[in-house]
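K.L.:
Mind having a look at this structure? Questions to follow.
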Amino acid sequence: MSETIIRQSRGLQLAPSLCIFSRPFKRFGILPVGGRSTAIKLQNGDVWVLASTTLDEPTKTKIDSMGNVKYIVSPDAEHDAFLNEFKSAYPDAKLIGVAPLAAKKTELVFDGAYGREPEGTAYGFEPEIEARYFPETVNHDVAFFHRETKSLIQADLLWNLKGSGPSMLSGIMSPYSGLHKQFAKFTSSDRAATKINVHKVAEWDFDMIIPCHGDVIETEAKQAWKAAYEAYFD
Numbered sequence: 042m043s044e045t046i047i048r049q050s051r052g053l054q055l056a057p058s059l060c061i062f063s064r065p066f067k068r069f070g071i072l073p074v075g076g077r078s079t080a081i082k083l084q085n086g087d088v089w090v091l092a093s094t095t096l097d098e099p100t101k102t103k104i105d106s107m108g109n110v111k112y113i114v115s116p117d118a119e120h121d122a123f124l125n126e127f128k129s130a131y132p133d134a135k136l137i138g139v140a141p142l143a144a145k146k147t148e149l150v151f152d153g154a155y156g157r158e159p160e161g162t163a164y165g166f167e168p169e170i171e172a173r174y175f176p177e178t179v180n181h182d183v184a185f186f187h188r189e190t191k192s193l194i195q196a197d198l199l200w201n202l203k204g205s206g207p208s209m210l211s212g213i214m215s216p217y218s219g220l221h222k223q224f225a226k227f228t229s230s231d232r233a234a235t236k237i238n239v240h241k242v243a244e245w246d247f248d249m250i251i252p253c254h255g256d257v258i259e260t261e262a263k264q265a266w267k268a269a270y271e272a273y274f275d
């Protein structure tokens, strides 16, 4: 039986263009933090996938029902464990990542990489999905914004482990926690650049945050983002 939880609803409101795939995951093989992939059906029928969990049969069946997978995306330099699976299943899809990941995963051909191409390069899913690259963070994170569902989608920029299960980080690694606020400061090598980036993200009109680790934030999402990065808002 698959451990993947597939969800295509948002509270009581159906969001047919967006689907999330959540699975158990242990960081370093020890800390249960969970993992999540996100698939979005674009207006032209193509599918964009942030691939961060295994492509098991239920996941593939659901993604295939959404349409033709055109983009396989990694949100940073670390979430690469399942890219080979996805690329093997969808060889014609464009693979998009970040420059350090493209340099590391030499067995894969990246059609685009944030930080490798000039800033502002479009990969084909814009403006439906916008991106903001944080090259100064430890993992070279990218935040994505899906306009239709007003969703902020990202991996390690914001965690929400409060109430997410039996992890030693549950309850203390969430946007309003002191630990997360310190994390937001110390994972940046250039706080001036991070300040610009977090403010740019805050300008997006999102009211939901879909993290790779922890619960989806469906209310007061903008406040949660600003709380996690309060050191950059003054």
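First residue of the sequence shown: 42, per this note's numbering; consecutive thereafter.
Note that the Cβ used here is the ideal one computed from N, Cα and C, for glycine as well.
1. Any chance you could list the beta strand (DSSP E) runs of at least 3 consecutive residues sitting entirely within the segment 165–243, in chain order?
2. Could you have a look at LEU3 and say whether DSSP puts it in helix, strand or coil?
3. Would you tell me roughly how many angstroms separate the C-alpha atoms of VAL88 and TYR217, rounded to the nearest one?
4. Please state whether the Cβ-Cβ distance between VAL183 and PRO116 is less than 8 Å.
5. For LYS82, does the count of other Cβ atoms within 10 angstroms reach 16, so buried, or fall short, so exposed?
6. Measuring alpha carbon to alpha carbon, tell me which residue in ARG173, LYS241, SER58 and LEU220 is nearest GLY108.
7. From ALA118 to PRO252, what distance separates their C-alpha atoms?
8. Cutting at 6 Å between CB atoms, please list the residues of its own chain near THR190, excluding the five before and the five after it.
9. According to DSSP, what are the bridge partners of GLU158?
10. Give me the residue from LYS222, PRO132 and LYS103 with the minimum Cα distance to SER78.
11. Tell me the residue span of the beta strand (DSSP E) that contains LYS111.
12. What is the DSSP secondary structure of THR79, counted as helix, strand or coil?
13. Using a threshold of 8 Å, state whether the C-beta atoms of LYS231 and GLU271 are closer than that.
14. Can you give the Cα-Cα distance for ARG157 and TRP266, rounded to whole angstroms?
15. With the cut-off set at 8 Å, would you say PHE247 and PHE186 are in Cβ contact?
16. Should PHE175 go down as buried or exposed, given a rule of 16 or more other Cβ atoms within 10 Å for buried?
17. Using only the alpha-carbon positions, how far apart do VAL114 and ARG173 sit?
P.N.:
So, to answer that:
1. 170–175, 182–187 and 192–195
2. There is no way to answer for residue 3, as the model of the chain reaches only from 42 to 275.
3. Taking the sequence shown and counting its residues from 1, the one referred to as residue 88 is at position 47. Taking the sequence shown and counting its residues from 1, the one referred to as residue 217 is at position 176. In a straight line, the C-alpha of VAL88 is about 33 Å away from that of TYR217.
4. Residue numbering aside, residue 183 sits at position 142 when the sequence shown is read from its first letter. Residue numbering aside, residue 116 sits at position 75 when the sequence shown is read from its first letter. Yes, the pair counts as a contact, with Cβ atoms nearer than the cut-off.
5. Residue 82 sits at position 41 when you count from the first residue of the sequence shown. Classification of LYS82: buried, given that the 10 Å Cβ count is 16 or more.
6. Walking along the sequence shown from the start, residue 108 turns up at place 67. Per the Cα distances, SER58.
7. Counting from one through the sequence shown, the residue named residue 118 turns up at place 77. Counting from one through the sequence shown, the residue named residue 252 turns up at place 211. Those two C-alpha atoms are separated by around 16 Å.
8. The sequence position of residue 190 within the sequence shown is 149, counting from 1. Within the same chain, THR190 has close Cβ partners ALA56 and LEU59.
9. Position 117 of the sequence shown holds residue 158. According to DSSP, which records beta bridges pairwise, GLU158 is partnered with TYR155.
10. For the purposes of this step, residue 78 is identified with residue 37 of the sequence shown, where counting begins at 1. Closest by alpha carbon: LYS103.
11. Numbered from 1 along the sequence shown, position 70 holds the residue referred to as residue 111. Unbroken beta strand (DSSP E) run through LYS111: 109–114.
12. As a first step, residue 79 must be located in the sequence shown, where it is residue number 38. THR79: strand per DSSP, three-state reduction.
13. Within the sequence shown, numbered from 1, the residue matching residue 231 stands at position 190. Within the sequence shown, numbered from 1, the residue matching residue 271 stands at position 230. Correcting the residue identity first, residue 231 is Asp in this sequence and not Lys. Going by C-beta atoms, ASP231 is not nearer than 8 Å to GLU271.
14. Taking the sequence shown and counting its residues from 1, the one referred to as residue 157 is at position 116. Taking the sequence shown and counting its residues from 1, the one referred to as residue 266 is at position 225. Between ARG157 and TRP266, the C-alpha separation is close to 27 Å.
15. Here residue 247 is taken as the residue at index 206 of the sequence shown, counted from 1. Here residue 186 is taken as the residue at index 145 of the sequence shown, counted from 1. Yes, these two residues count as a Cβ contact at 8 Å.
16. Here the question's residue 175 lines up with position 134 in the sequence shown. Its Cβ being crowded by 16 or more others within 10 Å, PHE175 is buried.
17. Residue numbering aside, residue 114 sits at position 73 when the sequence shown is read from its first letter. Residue numbering aside, residue 173 sits at position 132 when the sequence shown is read from its first letter. Our two residues, VAL114 and ARG173, have alpha carbons roughly 14 Å apart in a direct line.
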